[in-house]
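In the working numbering, the protein residues as written are 1 to 148.
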């Protein structure tokens, strides 16, 4: 694995951890050249999922896009990158298990909400307020009531 800092081709694995029930592996590596550490992720290449947006547009499922949206919902919350990776892996696994080539965007939103409800209730409300397009305080109250 090439070092992202000095571009040396040699590194050693310092630590390996399974993520989300063995679907992927997180590896901490140390460069033999500059001795800096970096993280790599290894996972089985998944089948390409096409997401059908509410307006009918289609786009390929993007872990990066989902990670970005989760980070917004989880801003200043006590949730690690490993936990975010686990949420992404579970959501992607749930979508893949549907065994469909095209998945409605609602399926992603609902899967994310289920994961966030268990992980962090504040992030759940933040994500739900955007995903479900809360119009007023009553929408917010109804969402909070589902957590009780």
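Idealized CB from N, CA, C, for every residue including glycine.
Those residues which DSSP pairs with residue i across a bridge
| i | result |
| --- | --- |
| residue 39 | 28 |
| residue 144 | Note: residue 144 sits in no beta bridge, so no partner. |
| residue 16 | 27 |
| residue 52 | 58, 104 |
Beta-carbon proximity list for residue i, same chain, < 8 Å, skipping 5 on both sides
| i | result |
| --- | --- |
| residue 31 | 3, 5, 6, 8, 10, 11, 37, 38 |
| residue 113 | 124, 127, 128, 131 |
| residue 63 | 88, 92 |
Residues of its chain near residue i, where Cβ-Cβ distance is below 7 Å and the 5 sequence neighbours each way are ignored
| i | result |
| --- | --- |
| residue 105 | 51, 52, 53, 54 |
| residue 89 | 19, 20, 23, 24 |
| residue 13 | 27, 29 |
Buried or exposed by the 16-neighbour rule on C-beta atoms within 10 Å, applied to residue i
| i | result |
| --- | --- |
| residue 95 | buried |
| residue 115 | buried |
| residue 118 | exposed |
| residue 142 | exposed |
| residue 102 | exposed |
| residue 92 | buried |
| residue 148 | exposed |
| residue 79 | buried |
Own chain, CB closer than 6 Å to residue i, minus 5 neighbours either side, in chain order
| i | result |
| --- | --- |
| residue 61 | 49, 51 |
| residue 66 | 88 |
| residue 15 | 28 |
is_contact[residue i, chain D] using C-beta, thresh 9 Å
| i | result |
| --- | --- |
| residue 141 | Judged by its chain identifiers, the structure shown contains no chain D, having just a single protein chain. |
task: Check whether the stretch 118 to 128 touches the stretch 65 to 84, taking contact to mean three or more Cβ pairs, one atom from each stretch, closer than 8 Å.
output: yes
Cβ contact (3+ pairs, closer than 8 Å) linking the stretch 132 to 146 and the stretch 81 to 95: These segments do not touch.
task: Tell me, please, whether the stretch 16 to 29 touches the stretch 53 to 64 by the rule of three or more beta-carbon pairs shorter than 8 Å.
output: no
query: Could you give the uninterrupted runs of the alpha helix (DSSP H) lying entirely in the stretch 61 to 95, keeping only those of 4 residues or more?
result: 63 to 73
message: Report the start-end ranges of each beta strand (DSSP E) in the stretch 92 to 122 that is 3 residues or longer and not cut off at the edges.
response: Taking only runs of at least 3 residues, the beta strand (DSSP E) segments lying wholly in the stretch 92 to 122 are 102 to 104.
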